[in-house]
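This report concerns only the one structure given below.
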Amino acid sequence: MFTSTDMGTTWTPIGILGAQRWTSTFYSTDFLSENHFVNVGAYGMINETTPTDAVIVHGNWLRPGTLYEIWAESSDGNVIAVGAASSSTSFNQAMYSTDGGETWALSTILDSADLDFNDISMVTNQIGYTAGEDYRVMKTTDGGASWFRVTDPVTSTSDAECLYFVDENVGYVFGVLDDGYKTTDGGTTWSVLTTGATATFYGCYFTDAN
1 MFTSTDMGTT WTPIGILGAQ RWTSTFYSTD FLSENHFVNV GAYGMINETT
51 PTDAVIVHGN WLRPGTLYEI WAESSDGNVI AVGAASSSTS FNQAMYSTDG
101 GETWALSTIL DSADLDFNDI SMVTNQIGYT AGEDYRVMKT TDGGASWFRV
151 TDPVTSTSDA ECLYFVDENV GYVFGVLDDG YKTTDGGTTW SVLTTGATAT
201 FYGCYFTDAN
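Just so it is clear: in the sequence shown, position 160 is 160 by the working numbering, and no numbers are missing.
Structure below.
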């Protein structure tokens with residue numbers, strides 16, 4: 001991991017404190033404040049900065065599956081991480097922290113299935129959505145402690161790779177399929193957006209509902 005204080009002209013490695021049990025990939029980072037971030041990756045790896053900008057390793061992870069995406073709320077220390085289930089019989093695709101990433105608990109996955117969660121979009125510190133394998137879309141109303149299924153945008157065995165919700169009602173989902181999907185009622189119904197693209201979308205962002 002590296003940090004820059006001059007808009008990316010130069011980069012400095014960030015040191016690691018403690019034993020990192022695995023050497024692998026970090027997929028996502030989010031900040032709680034300017035010098036406090038949490039990042040997640042393969043094998044359930046979770047690292048967190050200290051005030052001295054060194055990174056402390058959280059070795060007591062809850063699950064071995066890959067974590068693809070993280071969301072952190074600076075105002076109260078809520079952190080949510082989502083990713084792949086650790087096995088075909090495990091429903092542990094999401095975990096959450098209420099103390100800035102110091103301690104973690106597994107989320108309750110309602111409508112259980114071992115489908116990957118590839119992205120997360122929170123509209124408040126309690127309400128948000130995740131999307132992933134088979135274009136499954138899930139919603140939380142309790143800060144990531146539990147997730148329940150809303151209507152899938154499309155029936156597919158392909159993956160949704162990204163989603164973005166402007167508010168609790170208006171949201172977008174994109175992925176392996178050529179089209180995008182939009183909801184204006186919080187995932188109850190979806191309309192098709194023709195993108196004209198033939199490649200996979202891995203990220204998406206909207207400045208407003210349109």
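Glycine included, C-beta positions come from ideal geometry on N, C-alpha and C.
May I have the straight-line CA-CA distance separating A199 from K182, to the nearest angstrom?
One-based indexing of the sequence shown puts residue 199 at position 199. One-based indexing of the sequence shown puts residue 182 at position 182. Cα to Cα, the separation comes out at about 18 Å.
Specify whether the segment 153-162 and the segment 173-182 touch according to this definition: at least 3 beta carbon pairs, one from each stretch, less than 8 Å apart.
With the cut-off at 8 Å, the segment 153-162 and the segment 173-182 touch.
Out of N47, S88, N35 and T98, which one is the CA nearest neighbour of G65?
Counted from its first residue, the sequence shown places residue 65 at position 65. Comparing Cα positions, the closest option is S88.
Would you give the residue range spanned by the beta strand (DSSP E) that T9 belongs to?
Counting from one through the sequence shown, the residue named residue 9 turns up at place 9. In the DSSP assignment, T9 falls outside any beta strand (DSSP E), carrying neither H nor E.
Buried or exposed: which applies to Y202, given that a residue is buried once 16 or more other Cβ atoms fall within 10 Å of its Cβ?
As a first step, residue 202 is located in the sequence shown; it is residue number 202 there, counting from the start. Flag for Y202 reads exposed.
Which same chain residues end up closer than 6 Å to T29 when comparing Cβ atoms and leaving out the 5 residues on each side of it in sequence?
Position 29 of the sequence shown, counted from the first residue, corresponds to residue 29. So the list reads F37 and N39, once near-sequence residues are dropped.
For the candidate residues F206, G175, A160 and D159, whose alpha-carbon lies nearest to that of D167?
As a working note, residue 167 is residue 167 in the sequence shown. Ranking the options by Cα distance to D167, first place goes to F206.
Which of helix, strand or coil DSSP assigns to G171
Counting from 1 along the sequence shown, the entry for residue 171 is found at position 171. DSSP places G171 in strand when its eight states are reduced to three.
Would you identify the three-state DSSP class for A113, choosing helix, strand or coil?
As a working mapping, residue 113 is identified with position 113 in the sequence shown. Coil.
On a Cα-Cα basis, can you pick out the residue from F31, E34, N35 and Y68 that is closest to Y43?
Taking the first residue of the sequence shown as position 1, residue 43 is located at position 43. Cα-wise, what sits closest to Y43 is Y68.
What does the alpha-carbon distance come out to for the pair L62 and A72?
Within the sequence shown, residue 62 is the residue found at index 62, counting from 1. Within the sequence shown, residue 72 is the residue found at index 72, counting from 1. Between L62 and A72, the alpha-carbon positions lie close to 18 Å from each other.
Would S33 pass as a contact of S74 if the rule is Cβ separation under 7 Å?
Residue numbering aside, residue 33 sits at position 33 when the sequence shown is read from its first letter. Residue numbering aside, residue 74 sits at position 74 when the sequence shown is read from its first letter. For S33 and S74, yes; Cβs fall inside 7 Å.
Just verifying my parser: in three-state terms, what is the DSSP assignment at G44?
Locating residue 44 in the sequence shown gives position 44, counting from the first residue. Residue state for G44 is assigned as helix, using DSSP reduced to three classes.
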